[in-house]
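J.: For reference, the structure I am asking about is given below.
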Amino acid sequence: MGFKSVEDTWSTIKLIPFAVVLYDAKKKTYKANSQAQSLFELSPHNNFDDVDFKHLTLTNPESKKQLIFRELFDKYLVINTSSNILLGKANTNSLINAKLAQLSDSVHIVTFEIIKQSEDEQYNFDKIISKISTDLIDIQSDEINTHIEFALKAIGTVCFADRSYLFKFSDDGKSMRNTHEWVNQGVEPFKDKLQHIPKNSLPYFTSLMNSTHLFKVNDVEKLPKKAIKEKEELQSEEIQSVLCIGLRYDKELVGFIGCDCVKQKRQWTDLDLIRLKLVGEMVANAFKNINFKNELQYIQQQLITANLKLNEQVNTDGLTDIANRRCFDDTLKNELLRCTRYQQPIGLIMCDIDFFKKYNDNYGHQQGDEVLKSVAQALKAMCKRQGDLAARYGGEEFAIILPATDTDNSLKFAALIQQKMAELAIEHNYSTVSKQLTISMGVYSLIPCKKTTAQSLISGADKALYDAKNTGRNQVALYK
C-alpha cells in the first residue's frame with residue numbers, strides 16, 4: 001500500500017468493534033474481522049474470496065436490484081458516503097448501512113452496521129467510531145484538526161467525561177504540550193496553559209506512561225504520596241477522575257490521549273479503556289499517514305530540485321556559467337522546429353574573440369579565463385527575451401540563438417554586442433586591430449522550411465564569421 005502493508009493496516013482496522021471488510025483488488029481477496037464473519041456467516045479464515053460470499057443475497061432497497069459482494073467495492077458504494085443494503089441470509093433479512101473508504105488505489109474497506117430504529121445515535125459508539133475511522137483513514141493535513149476535535153468530542157461524550165485532549169511529546173522527549181482539546185459545556189479549557197510542560201515535573205505520571213502506557217485514576221484524592229505533584233496539577237484543573245492512554249508511533253511513545261471528569265468522579269470501566277485506546281490508535285495512525293505523506297512530498301520535492309540542478313549542470317558550461325554546446329544544440333533544434341511551424345524567422349550569430357591566443361600567451365591562461373567569463377556574462381545579459389540563448393560554442397567561440405528575429409534585427413543585435421564589448425574595455429595590447437578586446441561575428445537569419453536543418457544554419461553563420469575574420473576582424477558579416 002506504500003506507507004503501510006495491508007497486514008499492518010488490517011491489524012488495526014480489525015479491532016474496530018463492528019463489522020468491517022477489507023478488499024485487496026490486486027490479490028482479489030478479502031479480510032473480515034470477527035464481527036463481519038458473524039454478520040455474513042463466514043468460517044474463520046485469514047483471507048476470503050468471492051466464493052465465500054455467494055450464500056448472501058444483497059439487494060438495493062430502492063431499485064430492488066441484486067448485487068454481488070464485489071460490487072460493493074467497485075460499483076455500488078461511493079467513497080465516504082453511506083448507503084443502505086438489504087442483506088439476506090437463510091430465512092432472515094436485515095437492513096444494513098455500508099460505508100466505503102479508500103486506503104490506496106487497490107485497497108478499500110467497507111464498514112457495515114445493522115440499522116436499528118431504536119438506537120440513540122448520540123451515544124452509539126459503534127456509529128461514532130465508524131465515522132471517526134473512515135474520516136481519519138485518508139485524511140489530509142489541512143483537515144486533521146477538525147477531525148481530531150470531532151474524535152475527542154465523541155470519546156469524551158461516550159465516556160461521560162467533561163474534557164478530552166491530545167498531548168504530544170517534544171522531539172527530545174523532555175517536554176509535552178496539549179495540542180487538541182474538547183470541553184463540555186460549562187467546563188474551563190486548559191489547552192493554552194498546558195504548553196511546554198517538562199516531563200520531569202510530573203515524575204509519577206511519566207513513569208507510568210513509560211512503563212504501562214496507562215494513567216488511570218478514579219479518584220484524584222486517593223493518589224499515592226509519591227504522586228503529590230500530579231495531584232497538585234490535577235486539582236488545580238479541578239479534575240476528579242482522569243484516564244490517559246499512550247500513543248505510539250513505530251513503537252515509540254509520542255504522546256497520549258486522555259479524558260477528565262470535573263463535575264463528578266467516575267469509575268473508569270474496561271469499555272472506557274478499550275474505546276479510548278481505539279480512538280487513540282486511529283489518531284496515531286492518522287498522524288502516521290500524514291507524516292508519511294509530508295515526508296514523501298519532501299522527498300519528491302528534493303528529487304525535483306536535484307533533477308533541476310543536475311539538468312542545469314549538464315547544460316551549463318563549467319567555466320563561463322552560460323549554456324554549453326549540448327544546450328545550444330538542443331535549443332537550436334527546438335527553436336528551428338517552432339519557427340518552421342509558425343513560419344517565423346530565426347537568427348543565429350556566431351562570435352569569435354579576436355586574437356585570443358595572443359591574449360592567453362601574453363596575459364596568461366588564468367586571465368584568459370576571466371576574459372571568457374566576462375564576455376560570456378555580457379552576452380547572456382543581452383539575451384532578455386524568452387527563447388534567446390547565449391552559449392559557449394567552444395574555446396573562445398560563442399553562439400547566440402535569436403528566435404523570431406529577422407536579418408535587420410539580427411544585425412542590430414550584433415551591433416549591440418560590438419557596443420557592449422567597447423563598454424567592457426578589456427585591454428588587449430597584442431591585438432592588431434585595437435588596444436581593447438574585440439569580437440568578430442557572422443550572422444545568418446532566415447524563415448526556415450521543413451528542409452532547413454540546424455547544421456545548415458550553423459554552417460551559414462560560420463561562413464559569415466569566416467568572412468568577418470578575413471576582412472580585418474572586429475567586423476560583422478552577413479551570410480547571404
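Note that UniProt numbering has the sequence shown beginning at 1, numbered continuously upward.
Note that CB positions come from ideal geometry on N, CA and C, so glycine has one too.
Runs of 4 residues minimum, wholly inside the UniProt domain "GGDEF" (344–480): which ones carry the alpha helix (DSSP H) assignment?
T.: The UniProt domain "GGDEF" (344–480) contains these whole alpha helix (DSSP H) runs: 356–363, 365–382, 407–424, 454–470.
J.: Compare the beta carbon distance of residue 177 and residue 190 with 8 angstroms and say whether it is the shorter of the two.
T.: Not a contact, by the Cβ cut-off of 8 angstroms.
J.: Does the distance from the CB of residue 199 to the CB of residue 175 come in under 8 angstroms?
T.: Taking 8 angstroms as the Cβ cut-off, residue 199 and residue 175 qualify as a contacting pair.
J.: Under three-state DSSP, which class holds residue 215?
T.: Note: residue 215 maps to strand in three-state DSSP.
J.: If you run the structure through DSSP and keep just helix, strand and coil, what is residue 272?
T.: Helix.
J.: Output the distance between the C-alpha atoms of residue 285 and residue 10, rounded to the nearest integer angstrom.
T.: Computed Cα separation, rounded: 12 angstroms.
J.: With DSSP as the reference, please indicate the residues paired to residue 150 in a beta bridge.
T.: Residue 150 pairs with nothing; no bridge assigned.
J.: Within 10 Å of its beta-carbon, does residue 393 have 16 or more other beta-carbons around it, so buried, or fewer, so exposed?
T.: So residue 393 ends up on the buried side.
J.: Would you call the stretch 151–166 and the stretch 256–266 touching, i.e. three or more CB-CB distances under 8 angstroms?
T.: Contact holds: three or more Cβ-Cβ distances are below 8 angstroms.
J.: So, with DSSP's three-state summary, where would you put residue 59?
T.: Reduced to three states, the DSSP call for residue 59 is strand.
J.: In or out: residue 468 buried (at least 16 other Cβ within 10 Å) or exposed?
T.: So residue 468 ends up on the buried side.
J.: From this set, 6, 281, 183, 225, which residue's C-alpha is nearest residue 247's C-alpha?
T.: Comparing Cα positions, the closest option is 281.
J.: So, using beta-carbon positions, are residue 316 and residue 401 closer together than 8 angstroms?
T.: No, the Cβ-Cβ distance between residue 316 and residue 401 is not below 8 angstroms.
J.: Do you know how far the Cα of residue 103 is from the Cα of residue 65?
T.: Distance between the alpha carbons of residue 65 and residue 103: 28 angstroms.
J.: For residue 153, which residues of its own chain have a beta-carbon under 6 angstroms away from its beta-carbon, when the five flanking residues on both sides are left out?
T.: Same-chain partners within the cutoff: 182.
J.: So residue 440 and residue 352 are in contact, right, with Cβ under 8 angstroms, and what is the actual spacing, rounded?
T.: Between residue 352 and residue 440 the Cβ distance is about 5 angstroms, and since that is below 8 angstroms, they are a contact.
J.: When DSSP labels each residue in this structure, what does residue 262 get in the three-state scheme?
T.: Reduced to three states, the DSSP call for residue 262 is coil.
J.: Using alpha carbons as the reference points, say which of 23, 113, 59, 179 lies closest to residue 105.
T.: Measuring from the Cα of residue 105, the nearest candidate turns out to be 23.
J.: Can you pull the DSSP bridge partners for residue 169?
T.: Looking at the DSSP assignment, residue 169 forms a beta bridge with 176.
J.: Let me know if residue 264 comes out buried or exposed under the rule of 16 or more other beta-carbons within 10 Å of its beta-carbon.
T.: Exposed, because fewer than 16 other Cβ atoms sit within 10 Å of the Cβ of residue 264.
J.: Looking at the unbroken alpha helix (DSSP H) that takes in residue 332, where does it start and where does it end?
T.: 325–342 is the extent of the alpha helix (DSSP H) around residue 332.
J.: Can you give me the C-alpha to C-alpha distance between residue 445 and residue 479, rounded to a whole angstrom?
T.: Near 8 angstroms, if we compare the C-alpha coordinates of residue 479 and residue 445.
J.: So, residue 415 versus residue 476, is the Cβ gap smaller than 8 angstroms?
T.: Contact: yes.
J.: Count the other C-beta atoms from every protein chain shown that fall within 10 angstroms of the C-beta of residue 249, then say buried if there are 16 or more, exposed otherwise.
T.: Classification for residue 249: exposed.
J.: Suppose you measure from the CA of residue 279 to the CA of residue 255; what does that come to, to the nearest Å?
T.: Roughly 14 angstroms between the two C-alpha positions.
J.: What do you get for residue 78, buried or exposed, if any count of 16 or more other CB atoms within 10 angstroms of its CB means buried?
T.: So residue 78 ends up on the exposed side.
J.: Taking the CB atoms as reference points, tell me whether residue 343 and residue 447 lie closer together than 8 angstroms.
T.: Yes, the Cβ-Cβ distance between residue 343 and residue 447 is below 8 angstroms.
J.: According to DSSP, simplified to helix, strand and coil, what is residue 48?
T.: It is a strand residue.
J.: What is the residue span of the alpha helix (DSSP H) that residue 27 lies within?
T.: Careful: residue 27 lies outside any alpha helix (DSSP H) and carries neither H nor E.
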